[in-house]
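Comments concern the structure below.
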Amino acid sequence: MLGLIPRLQSLSSSLLRSLDSATGRILGSQLPDPRAPDPFRGLLPFELTSKQALTIPRYGSSASDAASPNPAPSAALPGAHALAPPTPLEGSGAPDPAPFDALYGRQVLEFAGVCSLPSAVPNPALLGACASAADRLVSSVYSLVAASGVDPLRPEGFSFLGAHQRDPGRLDVRNHHCMDEAPFDAPELGEGAAWMPIVRATLGRDAHLIWKGVVVTDPGAGDQAWHPDGPDVPRDVWDAVTRAQSEPPPGPGTLPPHCLTVFVPLVPLTPEAGPTCFLPGTQHAATVAALKQEADEAGSSGGAGVPATLETALGDATVFDIRVRHRGSANKSGARRPVLYMVYGRKWFGVGMHRRLLEESGQARVGKEPPRLFRLRGDPK
Ligand SMILES: O=C(O)CCC(=O)C(=O)O
1 MLGLIPRLQS LSSSLLRSLD SATGRILGSQ LPDPRAPDPF RGLLPFELTS KQALTIPRYG
61 SSASDAASPN PAPSAALPGA HALAPPTPLE GSGAPDPAPF DALYGRQVLE FAGVCSLPSA
121 VPNPALLGAC ASAADRLVSS VYSLVAASGV DPLRPEGFSF LGAHQRDPGR LDVRNHHCMD
181 EAPFDAPELG EGAAWMPIVR ATLGRDAHLI WKGVVVTDPG AGDQAWHPDG PDVPRDVWDA
241 VTRAQSEPPP GPGTLPPHCL TVFVPLVPLT PEAGPTCFLP GTQHAATVAA LKQEADEAGS
301 SGGAGVPATL ETALGDATVF DIRVRHRGSA NKSGARRPVL YMVYGRKWFG VGMHRRLLEE
361 SGQARVGKEP PRLFRLRGDP K
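According to UniProt numbering, the sequence shown is numbered sequentially starting from 1.
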């Protein structure tokens, strides 16, 4: 009788797990197990379509406890910060939350290409100051565009160095010099950011910031087209750079991430404001092929085209591999929707290689940079 209770308990937990898995399949989202040696056993990357499935736990949380195969970053990860005892956040009296599980973060990024970090910037005052600064930046960029003789409201948009309007009502301003000034220079948005251990675990300890900017979407702007944020790095280029650095070449299959973007929405991304949507796993050629097959076969419902729609609360961050297809959705709220972003690359990947790959893939005109509108980060004053 005594032996029966644990057996019944284990039976009911395995029944619950099967039920969970069946419900997940019906609803289109599966949950990985961060504590398992293979967290994605039996799953396909495009099945991780819920925020919960893509969330990285913090060290010490029940989802990433002492039984985790991922030891604390200090033990396992060069470059990740040590698991320090919680200290109060400046001015808030609240304890500093434990770091995110960086090794699991890397696993999710390699598998699904996108992950979610709840309360990564638990500082509403800072985010509010960034939203106001983003508003001022938009006004100043629109004035500069108008002064250059281009109508900032023309339907075909505009493209200057660091300022692009590809779709009506959605302005992307990157590497403006103000990104190195207050409030954007806050440590929790820079080297001290909660995502940095995951970025370094994924791209190497010498990963570096390439771009920092804001995408600001006006009320009334529609859904973006699905897109990756840059061309793939061809395997021969990977092989050449790793050979030149005496590093082992990448293994067969999907190449590891070379560049990651971190989105920090400066307002909550509710269904009205327009969450960013991702097609998990689209950094893998196999997922892209499955998507294409679904598009070609009428009535097919393989699942590779089901997006992960990542609604966010203020302070949440989303990290993604730039090869993953994503899009900003329509802003149906009455307010502007600013998203701060940081783009990080492996030590050998930067603006120069990105530009070269755009030119080689026919996505940019050779040797023709767009005109400059303002002083960029790092330019002499
Ligand atoms: O605004 C968003 O949610 C995504 C923006 C984006 O992906 C882009 O501008 O390339």
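Even glycine gets a Cβ: it sits at the ideal position worked out from N, Cα and C.
For residue i, which residues of its own chain have a beta-carbon under 7 Å away from its beta-carbon, when the five flanking residues on both sides are left out?
i: ASP151; result: none
i: THR287; result: PRO45, PHE46, GLY281 and ALA304
i: GLU294; result: SER300, GLY302, ALA304 and GLY305
i: ARG365; result: none
i: LEU43; result: GLN30 and PRO32
i: SER361; result: PRO231
i: ASP379; result: HIS177
Rounded to the nearest angstrom, what separates residue i and residue j at their Cα positions?
i: LEU291; j: ALA304; result: 5 Å
i: ASP229; j: ARG325; result: 8 Å
i: MET342; j: GLY128; result: 18 Å
i: PRO155; j: ALA221; result: 12 Å
i: SER119; j: ASP316; result: 5 Å
i: VAL237; j: GLU110; result: 20 Å
i: THR49; j: SER148; result: 43 Å
i: ARG372; j: ASP172; result: 14 Å
i: ALA335; j: CYS130; result: 15 Å
i: PRO122; j: VAL267; result: 13 Å
i: ARG106; j: ARG174; result: 26 Å
i: ASP239; j: ARG323; result: 19 Å
i: VAL216; j: LEU189; result: 18 Å
i: GLN363; j: ALA273; result: 30 Å
i: CYS178; j: PHE184; result: 7 Å
i: SER62; j: TYR104; result: 14 Å
i: VAL138; j: PRO271; result: 23 Å
i: THR242; j: LYS347; result: 11 Å
i: HIS284; j: THR254; result: 6 Å
i: GLY345; j: CYS259; result: 4 Å
i: PRO37; j: PRO248; result: 24 Å
i: PRO187; j: PRO57; result: 22 Å
i: LEU126; j: THR309; result: 25 Å
i: ARG205; j: GLY251; result: 20 Å
i: PHE100; j: LEU117; result: 8 Å
Leaving aside the five residues before and after residue i along the sequence, list all residues of the same chain whose C-beta is less than 6 Å from its C-beta, in chain order.
i: ASP180; result: ARG377
i: TRP226; result: ARG325 and ARG327
i: LEU357; result: PRO231
i: VAL262; result: TRP195, ALA317, VAL319 and MET342
i: TYR142; result: PRO152
Name the one or two DSSP bridge partners that residue i has.
i: TRP348; result: Answer is none; TRP348 lacks a bridge partner.
i: CYS259; result: GLY345
i: GLN165; result: PHE158 and LEU171
Write down the C-beta distance between residue i and residue j rounded to the nearest angstrom, noting that I regard them as a contact closer than 8 Å.
i: ALA53; j: PRO32; result: 6 Å
i: GLY113; j: ASP321; result: 4 Å
Please go through the same chain and pick out, in chain order, the residues whose beta-carbon is closer than 8 Å to the beta-carbon of residue i, but skip the five residues on each side of it.
i: PHE158; result: VAL145, VAL150, PRO152, HIS164 and GLN165
i: PRO161; result: In the sequence as presented, Pro is not what sits at residue 161; that position holds Leu. Taken in chain order, the residues that qualify are GLU369, PRO370, PRO371, ARG372, LEU373 and LEU376.
Would you say residue i reaches chain D, if we count a Cβ-Cβ gap shorter than 8 Å as a contact?
i: TYR344; result: This model lacks chain D altogether; it includes just one protein chain.
Could you pull out every unbroken beta strand (DSSP E) segment of at least 3 residues lying fully inside the region 275 to 327, listed in chain order? 276 to 278, 308 to 310 and 317 to 321
List, from N- to C-terminal side, the alpha helix (DSSP H) runs of 4 residues or more that fit wholly inside the region 83 to 160. 102 to 111 and 124 to 147
Could you give the uninterrupted runs of the alpha helix (DSSP H) lying entirely in the region 185 to 217, keeping only those of 4 residues or more?
196 to 203
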